[in-house]
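**Student:** Here's a structure for you.
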Amino acid sequence: PRLGLLSETFELLQVALQMERTSRPSGQAVTEFDRLFRIGLSSSVEAVLQSAAKWKGESSQKVRNILKRIQRLLDAYSDLWTRHSGSMRLSVVEDLHDEEYAEDVKQFIETYGEDLFHTRMLTLGNARAILHHGAESLFDELQQTVALTQNVKILEDLESGELDREDAAELAEFVYECVVDNFDRFLEYNTTTTHSDYGNRLYCLLDFLRLEALYDRFEWNTIPWQVAHETMVRKGELEVAAGVEEYVGDESRDIANSFVEELVQLEAEYGVRLPALHDHVGERVVGALAQNRMAALVSRACSDAAGLSQDEVNSNFQTLRQEIADFMSTRIGSGIEPPDWMQRLASELDRVQEGRPGQLSDSLMEGDFQKLSQKAIDQQISDISRLNDAAGSGM
């Protein structure tokens, strides 16, 4: 993108995605495409912003021209992102979107939860050990210990043939994996509700996790807009960023509100509120953009901010304080660990104090961007749209 090769960047990402798909080993695999995508998109957006600095016209008209072109760029990148993310499982909990399977899991927990999912058995180390050795080893251990002094329903049903051993092991391992992958949420559940005292009510936590997984998938699909927005606020293009915020807010509002409404219904049904999960879903996607704004302000609010007077630094600091206050006004509390947004601001401050570059793309190549005319940008984006359409028709 620094050389003005926006369409070539997009085509390279298409090739990278295809290569990763065709060479991926069987089973679970780690993807590198996420990182490459963010670098390519962020640099392409920055190339448009840098070129627009030389465009003529009134400020409001320039902002509209930039937004128009970036939206076309993001339309293509969003399709590419969808092709990538559609083949990914963000969380094991997503298996609960299958209503029949979710009902099987719930019935299993209600029937055998006291034997398998009591709080004393759900320490992180114990749950990991069960997953490592397999749930069938847990059944054997129960047979050799607990069953000597009391009846264990799951063992009785396994022995009578009422419950298939492989099916039981699969369901038990799924529940333990959900707990391990979301242990921060389990700790919050364990410390905020008496439901956690009863292993046969663990399905309550899984219902909350299922809803959060749906929200996370929805938010994940907006990653291209989040990447573009972060680039804008880091480069000080706040008017353009505001346009993106308005667009994302309008496009996501109805669905995001539906997640919040479903969460409120769950909380009322179970009499449980998990503060960190509640706040996360309550961000309604646009919360991620607010975090971008706050993170971008950190470097400009430090006393040694390059190129800024002390008055400007003080003003930025007051703006940051107000941004944090506004963000906090919609939140109900904190979980066991500091929330992600707070850790992000702390990391940003560490980065500034240690003098590290703000984005990975900055460290890959330094130098000026080649400035492109509006006509050249339009041609590049048209080429990207054709590449995207060709990829879509070939699926």
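If you're matching positions, the sequence shown starts at 298 in this note's numbering and goes up one per residue. Note that the Cβ used here is the ideal one computed from N, Cα and C, for glycine as well.
1) Using three-state DSSP, classify Phe334 as helix, strand or coil.
2) What residue from Glu542, Gln667, Gly540, Gly568 has the CA that sits closest to Asp504's CA?
3) Is it buried or exposed, Leu421, if we count other Cβ atoms within 10 angstroms and call 16 or more buried?
4) Between the stretch 372 to 382 and the stretch 308 to 319, are three or more C-beta pairs nearer than 8 Å?
5) By Cβ distance below 6 Å, which residues in the same chain neighbour Glu645 in space, the five residues on each side in sequence not counted?
6) Per DSSP, what kind of secondary structure is Lys351 in: helix, strand or coil?
7) If Leu310 and Phe334 are in contact, beta carbons under 8 Å, what's the gap, nearest whole angstrom?
8) With a threshold of 16 other CB atoms inside 10 Å of the CB of Met529, please say whether the residue is buried or exposed.
9) Reducing DSSP to helix, strand and coil, say where His415 ends up.
10) Identify the continuous alpha helix (DSSP H) that holds Lys365 and give its terminal residues.
11) If you reduce the DSSP assignment to three classes, tell me which class Thr627 lands in.
12) By a C-beta neighbour count over all protein chains shown, 10 Å radius and 16 as the cutoff for buried, is Pro635 buried or exposed?
13) Could you give the DSSP three-state label for Ile633: helix, strand or coil?
14) Taking its Cβ as the centre, do 16 or more other Cβ atoms sit within 10 Å of Tyr398, making it buried, or is it exposed?
15) Identify the continuous alpha helix (DSSP H) that holds Tyr486 and give its terminal residues.
16) Only counting the same chain, and skipping five residues up and downstream in sequence, which positions put a Cβ closer than 6 Å to that of Leu669?
17) Between the beta-carbon of Val760 and the beta-carbon of Gly630, is there less than 7 Å?
18) Is DSSP giving Ala602 helix, strand or coil here?
19) Which first and last residues belong to the alpha helix (DSSP H) in which His577 is found?
20) Just the C-alpha distance for Leu370 and Asp686, rounded to the nearest angstrom, thanks.
21) Among Asp395, Glu564, Thr408, Glu580, whose alpha-carbon lies nearest the alpha-carbon of Ala553?
22) Check this for me: beta carbons of Ala525 and Val342, under 7 Å apart or not?
23) Pair every Cβ in the stretch 468 to 475 with every Cβ in the stretch 401 to 412, then say whether three or more of these pairs are closer than 8 Å.
24) Determine, using beta-carbon pairs with one atom in the stretch 561 to 577 and one in the stretch 608 to 620, whether at least three such pairs fall under 8 Å.
25) Apart from the five residues on each side of it in sequence, which residues of its chain come closer than 7 Å, Cβ to Cβ, to Ile406?
26) Check the C-beta distance from Tyr486 over to Val578 and give it rounded, since I have them as a contact under 8 Å.
27) Quick check: Val476 and Leu419, are their CB atoms within less than 7 Å of each other?
28) Would you give the residue range spanned by the alpha helix (DSSP H) that Leu460 belongs to?
29) Going by beta carbon distance, what residues of the same chain come within less than 7 Å of Ile674, once the five residues before and after it are set aside?
30) Considering only their Cβ atoms, is the gap separating Asn611 from Glu527 smaller than 7 Å?
31) Checking 7 Å against the spacing of the C-beta atoms, do Ala541 and Cys599 come in under that value?
32) Would DSSP call Glu534 helix, strand or coil?
33) Since Ala432 and Ile451 are thought to touch, with beta carbons under 8 Å apart, how far apart are those beta carbons, to the nearest angstrom?
**Tutor:** With the structure as the only source:
1) In the sequence shown, residue 334 corresponds to position 37, counting from 1. In this structure, Phe334 counts as helix in the three-state DSSP scheme.
2) The residue you call residue 504 lines up with position 207 of the sequence shown. Nearest option by C-alpha distance: Gly568.
3) In the sequence shown, residue 421 corresponds to position 124, counting from 1. Leu421 should be labelled exposed.
4) yes
5) By one-based count along the sequence shown, residue 645 stands at place 348. Result list for Glu645: Ala592, Val595, in chain order.
6) By one-based count along the sequence shown, residue 351 stands at place 54. Three-state DSSP puts Lys351 in coil, outside helix and strand.
7) Looking up residue 310 in the sequence shown gives position 13. Looking up residue 334 in the sequence shown gives position 37. Confirmed, about 6 Å.
8) Taking the sequence shown and counting its residues from 1, the one referred to as residue 529 is at position 232. By the 10 Å Cβ count, Met529 comes out buried.
9) Translated into the one-based positions of the sequence shown, residue 415 becomes position 118. Correct three-state label for His415: coil.
10) As a working mapping, residue 365 is identified with position 68 in the sequence shown. Counting along the chain, the alpha helix (DSSP H) containing Lys365 begins and ends at 356 to 382.
11) On the sequence shown, residue 627 is found 330 positions in, with the first residue counted as 1. If DSSP states are grouped into helix, strand and coil, Thr627 belongs with coil.
12) Within the sequence shown, numbered from 1, the residue matching residue 635 stands at position 338. Exposed, by the Cβ-count rule.
13) Taking the sequence shown and counting its residues from 1, one reaches residue 633 at position 336. Coil at Ile633, not helix or strand.
14) Along the sequence shown, one-based indexing puts residue 398 at 101. Classification for Tyr398: exposed.
15) Start at 1 with the first residue of the sequence shown, and residue 486 comes out as number 189. Taken as a continuous stretch (DSSP letters only), the alpha helix (DSSP H) holding Tyr486 covers 480 to 489.
16) Position 372 of the sequence shown holds residue 669. Hits under 6 Å: Gly301, Ser348.
17) Residue numbering for the chain in the displayed model covers 298 to 692; residue 760 lies beyond these limits and cannot be assessed.
18) In the sequence shown, residue 602 corresponds to position 305, counting from 1. In the structure shown, Ala602 sits in coil (DSSP, three-state: anything other than H, G, I, E or B).
19) Taking the sequence shown and counting its residues from 1, the one referred to as residue 577 is at position 280. For His577, the uninterrupted alpha helix (DSSP H) segment begins and ends at 572 to 579.
20) On the sequence shown, residue 370 is found 73 positions in, with the first residue counted as 1. On the sequence shown, residue 686 is found 389 positions in, with the first residue counted as 1. Whole-angstrom Cα-Cα distance: 13 Å.
21) One-based indexing of the sequence shown puts residue 553 at position 256. Comparing Cα-Cα distances from Ala553 to each of Asp395, Glu564, Thr408, Glu580, the minimum goes to Glu580.
22) For the purposes of this step, residue 525 is identified with residue 228 of the sequence shown, where counting begins at 1. For the purposes of this step, residue 342 is identified with residue 45 of the sequence shown, where counting begins at 1. The answer is yes: Cβ separation under 7 Å.
23) Segments in contact, yes.
24) no
25) Your numbering for residue 406 matches position 109 in the sequence shown. Correct list, in chain order: Phe414, Val472, Asn497, Leu499, Tyr500.
26) To locate residue 486, count along the sequence shown from 1; it is residue 189. To locate residue 578, count along the sequence shown from 1; it is residue 281. The pair is not a contact, with the Cβ atoms about 15 Å apart (cut-off 8 Å).
27) Along the sequence shown, read from residue 1 onward, the residue named residue 476 stands at position 179. Along the sequence shown, read from residue 1 onward, the residue named residue 419 stands at position 122. Yes, these two residues count as a Cβ contact at 7 Å.
28) The residue you call residue 460 lines up with position 163 of the sequence shown. Segment: none, Leu460 is in no alpha helix (DSSP H) and carries neither H nor E.
29) Sequence index remark: in the sequence shown, residue 674 carries index 377 (1-based). Val345, Ser348, Arg366, listed in sequence order.
30) In the sequence shown, counting from the first residue as 1, residue 527 sits at position 230. In the sequence shown, counting from the first residue as 1, residue 611 sits at position 314. It is not a contact, given that the beta carbons lie outside the stated cut-off.
31) For the purposes of this step, residue 541 is identified with residue 244 of the sequence shown, where counting begins at 1. For the purposes of this step, residue 599 is identified with residue 302 of the sequence shown, where counting begins at 1. For clarity, residue 541 is Val in the given sequence; the question names Ala instead. Against a cut-off of 7 Å, the Cβ pair of Cys599 and Val541 comes out as no contact.
32) Translated into positions along the sequence shown, residue 534 becomes position 237. Looking at Glu534 - three-state DSSP - the assignment turns out to be coil, as it is neither helix nor strand.
33) Within the sequence shown, the letter at position 135 stands for residue 432. Within the sequence shown, the letter at position 154 stands for residue 451. Not confirmed; about 10 Å, so no contact.
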